[in-house]
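Protein chains in written order, with this note's numbering: chain A, 1 to 188; chain B, 189 to 376; chain C, 377 to 564; chain D, 565 to 752. Here a beta-carbon is modelled for each residue, glycine too, at the ideal position from N, C-alpha and C. All figures in this text were calculated on a predicted structure; none of them were measured in a lab. Heads up: the structure comes next, in C-alpha cells.
4 protein chains.
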Amino acid sequence: MARPKSGDRRSAILSAAIRIIASEGLGAPTALIAKEAGVSNGSLFTYFETKADLLNRLYIEVKAEAAIAAMDGLPLKAGIRKRALHMWSNSLDWATACPEKRRVLAHLAVSGDITPASRRAGHQAMAGVASLIEQSRENGPMRKAPLEFVVAILNALTDATIDFMIRDKANAEKHRTAGFEALWRMIG
Amino acid sequence: MARPKSGDRRSAILSAAIRIIASEGLGAPTALIAKEAGVSNGSLFTYFETKADLLNRLYIEVKAEAAIAAMDGLPLKAGIRKRALHMWSNSLDWATACPEKRRVLAHLAVSGDITPASRRAGHQAMAGVASLIEQSRENGPMRKAPLEFVVAILNALTDATIDFMIRDKANAEKHRTAGFEALWRMIG
Amino acid sequence: MARPKSGDRRSAILSAAIRIIASEGLGAPTALIAKEAGVSNGSLFTYFETKADLLNRLYIEVKAEAAIAAMDGLPLKAGIRKRALHMWSNSLDWATACPEKRRVLAHLAVSGDITPASRRAGHQAMAGVASLIEQSRENGPMRKAPLEFVVAILNALTDATIDFMIRDKANAEKHRTAGFEALWRMIG
Amino acid sequence: MARPKSGDRRSAILSAAIRIIASEGLGAPTALIAKEAGVSNGSLFTYFETKADLLNRLYIEVKAEAAIAAMDGLPLKAGIRKRALHMWSNSLDWATACPEKRRVLAHLAVSGDITPASRRAGHQAMAGVASLIEQSRENGPMRKAPLEFVVAILNALTDATIDFMIRDKANAEKHRTAGFEALWRMIG
DNA sequence: GATGAATGAGTATTCATTCAT
DNA sequence: AATGAATGAATACTCATTCAT
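Here it is as C-alpha cells:
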C-alpha cells in the first residue's frame with residue numbers, strides 16, 4: 001500500500017488538540033486529544049515525543065498559520081497605510097474565523113512548556129508582519145523605539161480589539177476600524 | 189480561646205503562593221506552597237477551603253494591591269494628562285517592583301479557576317483607574333468607543349510596556365515614556 | 377463552683393455519636409460528633425482517649441441499655457413462656473423506639489474497633505436475658521445445644537423480626553407475634 | 565490489538581480484595597489490594613472505575629457464588645425436607661470453606677457503598693434459594709408470613725449456625741444438624 | 001506502525017490527635 | 001478544663017509515558 005497516511009494522523013492530532021485545548025485548557029489529558037483525533041493514546045506518542053513537544057509544535061504551526069493569514073493577498077503596490085490596514089483586517093478576520101486557534105495560542109503563550117526556541121520560531125514566522133510594521137512606523141513618532149516594543153504593542157492592541165469584536169459582535173466593524181485608527185495614531 | 193487564626197499565617201501562605209506560583213505556575217502543589225510558608229500542608233486548608241479558593245483570594249488581593257498602587261499619591265488638582273501620567277508611572281513602578289505578583293496575576297487571569305465573582309471584584313478594585321481613563325479619553329478620538337474597549341487597550345499597552353521595561357532594563361525610563369506617549373496619542 | 381458537669385458533656389458526646397453514626401456510619405468524623413454535641417473537637421478527646429475508645433464505650437452503654445430495656449417490668453412470677461414473650465416484646469419495643477441506637481449497634485457489631493473485652497462486657501450485660509433463655513429451652517428440643525448457640529439464634533431472629541417490623545410497619549404486630557411463635561417452636 | 569484486558573487480572577484483583585478486606589475491613593487502601601493482586605495501583609482502576617465499583621462487583625460476584633454453591637447438586641426428585649437439608653448443608657459447607665468470602669459479604673452487606681441495584685442483583689442470584697424456601701414453608705406454620713420475612717430468618721439462622729460452627733469446630737456437625745432442625749421446626 | 005493495557009509517580013483534601021492559648 | 005488551630009500521615013484517583021501484542 002502507498003505511504004501510510006502518517007501526515008494525516010499527525011495533523012488529526014494537532015487539530016484535535018486545538019479543539020480540546022480550546023475547551024479544556026492546557027491541562028487536558030493527552031488521551032482525550034488522542035480520542036478526539038480518532039487515534040489511540042499510544043499513537044499520539046509516536047508522532048510527538050512528549051506532551052510538551054506536541055504543545056510546542058502546535059504553538060509553532062498555529063503561529064505560522066496566523067502569520068500567513070495576516071499577509072494573505074497583501075497589495076504589494078499599495079501605500080503603507082493601505083497595506084497595514086490590509087494586514088490588520090486579515091489578522092482580525094483570521095482570529096474571528098478561528099476563535100479556537102486564538103484561544104489555544106493565548107493559552108500556549110503563557111505556558112511554561114513553550115521553549116525559547118519555539119518562541120523564536122514563532123517570531124520568525126511573523127517576520128513579514130514585523131517588516132510591515134517596521135515600514136509603518138518609519139516616519140512616525142515611534143520611529144526610534146525598538147521594533148520589538150512596537151510589535152508587542154501591536155500584538156496587545158490586536159488582542160484587545162479581537163476580544164472586543166467577539167464580545168460585541170454587533171459592532172464588530174466599528175471596533176475593527178477604531179482599533180486600526182488607534183494603532184495608526186500610535187505608530188503611523 | 190484556642191490559638192486564634194492568625195492573619196500572619198494567612199498572609200504567609202498568600203505570599204508564599206506568589207513566590208511559588210511565579211516560578212512554578214498554577215500547577216504548583218499546595219504542599220509546596222505550605223512548605224514555603226513554613227506551615228503544614230493541612231494548615232493551608234484551614235485558611236483556604238480549596239486550592240481554587242486560595243487562587244481566587246490571591247487574585248483579588250493582588251489585583252486590589254495593584255489598583256491601590258496605581259492611584260497612590262495621585263495629584264488630584266493636576267490636569268488630566270498629568271494625572272494619567274502619574275497613574276501610568278505608578279502602575280509600571282509597581283509591576284517593576286513586584287514582578288512576581290505581575291506574573292502571578294498573568295497566570296491567574298487566564299485560569300479557569302477564577303470565578304466570575306472574583307473577576308468582578310477585581311474590576312471593582314480597579315474602579316478608580318477606570319474613572320481616570322474615562323476622563324482621559326473624554327475629549328479625545330476614542331470618546332465614543334466603549335469604555336471597556338479603552339480599558340482593554342490600556343491593559344494591553346501596560347503589559348507590553350512592562351514586558352519591555354523588564355526585558356531591557358537599561359532603557360526602562362525611555363520605554364515608560366514612550367509607552368505613555370503612545371497611549372496619549374491613542375486616547376488623549 | 378460545684379463539680380463541673382463533665383457527666384453531661386460525656387453523655388452529650390455519646391448521644392451525639394448515636395445520632396451522627398446512625399446517619400453517617402462509623403466513618404463519621406469525630407469533629408462532626410463534637411459539633412453535634414455542642415462541644416469543641418478537642419474536648420471530645422478529654423472524655424475519650426481515642427475514637428476507638430469512644431466507639432467501645434458507646435457499644436457497651438447501648439448494649440447495656442438494650443439489656444435493661446429487655447428485662448424491664450419482667451413478671452417474675454409468671455410462667456416461662458409468658459416471661460419470654462415479655463422480654464421479646466420489650467426488645468422489639470426498644471428497637472422500634474430507638475432505631476438509631478439499633479443502627480449504631482449493628483454498625484459497631486461488625487466494626488474491627490470493638491475489642492474482645494467490650495464484646496465480653498456486652499455479653500455480661502445480657503446475662504439476665506441469657507438466663508431467661510436458658511430456662512426457656514430447658515425442656516425443649518435445644519436443651520442440649522450450647523447456650524451461646526441459642527443466644528446467637530435468638531439475636532439473629534430478633535434482628536430479622538425488627539428489620540421486618542420496621543420495613544412493614546402496617547403489620548408490625550403480626551410480625552412480632554410470628555417472630556415469637558417461630559422462636560418458641562425452635563426452643564420452647 | 566494491544567494487550568487485551570485480562571480476566572485473570574480482574575479476578576486476581578477481586579480475590580485479592582477478598583483477602584485484604586476480610587482482614588482489614590472495607591477501609592483497606594486500594595493500593596494494598598492492588599499490591600496483593602500483584603498489579604500496579606493504577607491498574608486496579610482500569611478494571612474498576614472506582615473503589616465503590618470494585619466493592620459492588622465483589623458483592624455481586626460473591627453473592628452469586630454463594631447462591632450457586634447453595635444449589636449445587638440439588639437432588640431435584642427428593643422430598644422437600646431433603647432438598648432443604650441439602651441446600652442448608654451446601655450453604656454451611658461453602659461458608660466454612662470460604663470464611664473470608666463470608667466475612668467480606670458481611671462487611672459489604674452493611675456498607676453504604678453498595679447500591680440498591682447491586683442488592684437487587686444479589687437477590688436475583690438468590691432466586692433459586694428463595695423458591696426452595698417458598699416450597700419449604702408451604703404447608704408449615706409460617707405459610708402466611710411474607711416470604712421476605714422467612715428469608716430474613718433463614719439468613720439470620722444460617723449466620724448464627726455458621727458462626728457457631730466456626731467457633732466450635734469440634735462439634736461442627738452437631739451444630740449443622742441442630743441448626744437445620746431448628747429451622748425445620750420453624751418453617752417446615 | 002497501531003493499539004490500548006500497564007505503570008507508578010504525583011496531588012488535593014480529610015481527619016484523628018496534639019497543643020498553644 | 002475548654003477551645004479550636006496546627007499537624008502530617010493517609011488515600012483515591014489521574015495521566016504522561018512505556019511496552020506487550
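Where do the ends of the alpha helix (DSSP H) carrying residue i lie?
i	result
B/Pro287	287-297
B/Thr171	Given that chain B is displayed from residue 189 to residue 376, the structure contains no residue 171 of chain B and the question cannot be resolved.
A/Ile33	30-36
D/Val626	615-635
B/Glu326	Looking at the DSSP string, B/Glu326 is not in any alpha helix (DSSP H), and its letter there is neither H nor E.
D/Pro639	Where D/Pro639 is concerned, there is no enclosing alpha helix (DSSP H), given that its DSSP letter is neither H nor E.
B/Arg191	Segment: none, B/Arg191 is in no alpha helix (DSSP H) and carries neither H nor E.
D/Ala746	736-751
D/Leu608	605-611
C/Gly403	Neither: C/Gly403 is in no alpha helix (DSSP H) and is coded neither H nor E.
C/Gly498	492-501
CA-CA distance, residue i and residue j?
i	j	result
A/Asn171	A/Asn139	32 angstroms
D/Tyr611	C/Trp464	48 angstroms
B/His311	A/Gly188	32 angstroms
C/Gly555	C/Ala393	31 angstroms
C/Arg432	C/Ser382	In the sequence as displayed, the identity of residue 432 of chain C is Asn instead of Arg. When rounded, the distance between both Cα atoms is 19 angstroms.
C/Lys439	D/Tyr623	29 angstroms
D/Leu590	D/His671	7 angstroms
C/Ile397	D/Ala634	35 angstroms
C/Gly418	C/Ala410	8 angstroms
C/Glu412	D/Glu664	37 angstroms
B/Glu212	B/Ser228	19 angstroms
C/Pro451	D/Arg645	39 angstroms
C/Asp384	C/Ala404	22 angstroms
C/Ala378	C/Arg495	Note that C/Ala378 scores a pLDDT of 38, beneath 50, so its modelled location is shaky and nothing firm can be said.
B/Gly261	B/His274	8 angstroms
B/Lys362	B/Arg290	21 angstroms
D/Glu625	B/Ser203	53 angstroms
A/Thr177	A/Lys169	13 angstroms
C/Ala497	D/Glu613	42 angstroms
A/Thr161	A/Asp93	11 angstroms
B/Asp301	A/Asp113	20 angstroms
D/Lys641	D/Gly692	15 angstroms
So the candidates are the options; which of them puts its Cα closest to the Cα of residue i?
i	options	result
C/Phe421	C/Ala536, C/Leu530, C/Arg386	C/Arg386
D/Ile577	D/Gly602, D/Glu712, D/Ala592	D/Gly602
C/Gln511	C/Ile529, C/Ala482, C/Arg459, C/Val480	C/Arg459
C/Arg543	C/Asn531, C/Pro492, C/Met562, C/Ala471	C/Ala471
A/Thr115	A/Leu183, A/Pro29, A/Lys51, A/Trp184	A/Lys51
C/Leu523	C/Ser487, C/Glu412, C/Ala536, C/Leu508	C/Leu508
D/Leu618	D/Ala633, D/Pro639, D/Ala595	D/Ala595
B/Lys332	A/Val129, A/Ala182, A/Lys144	A/Ala182
C/Trp560	D/Ala586, D/Pro705, D/Pro639	D/Pro705
D/Ala694	D/Asp677, D/Arg683, D/Leu718	D/Leu718
B/Met374	B/Ile350, B/Asp260, B/Arg325	B/Arg325
C/Arg395	C/Glu437, C/Cys474, C/Lys545	C/Cys474
C/Glu441	C/Thr537, C/Val480, C/Ala454, C/Lys453	C/Val480
Measure the beta-carbon distance from residue i to residue j and round it to whole angstroms, keeping in mind my assumption that it falls under 8 angstroms.
i	j	result
C/Phe525	D/Ala716	At roughly 19 angstroms, the Cβ-Cβ gap does not stay under 8 angstroms, so C/Phe525 and D/Ala716 are not in contact.
C/Ala493	C/Ala443	17 angstroms between Cβ atoms; not a contact.
A/Thr158	A/Ser91	6 angstroms
D/Ala720	C/Ala532	3 angstroms
Taking 7 angstroms as the cut-off, is the C-beta of residue i nearer than that to any heavy atom in the ligand HEM?
i	result
A/Glu65	Summarising the ligand content, the structure contains no ligands, and the ligand HEM is consequently not present.
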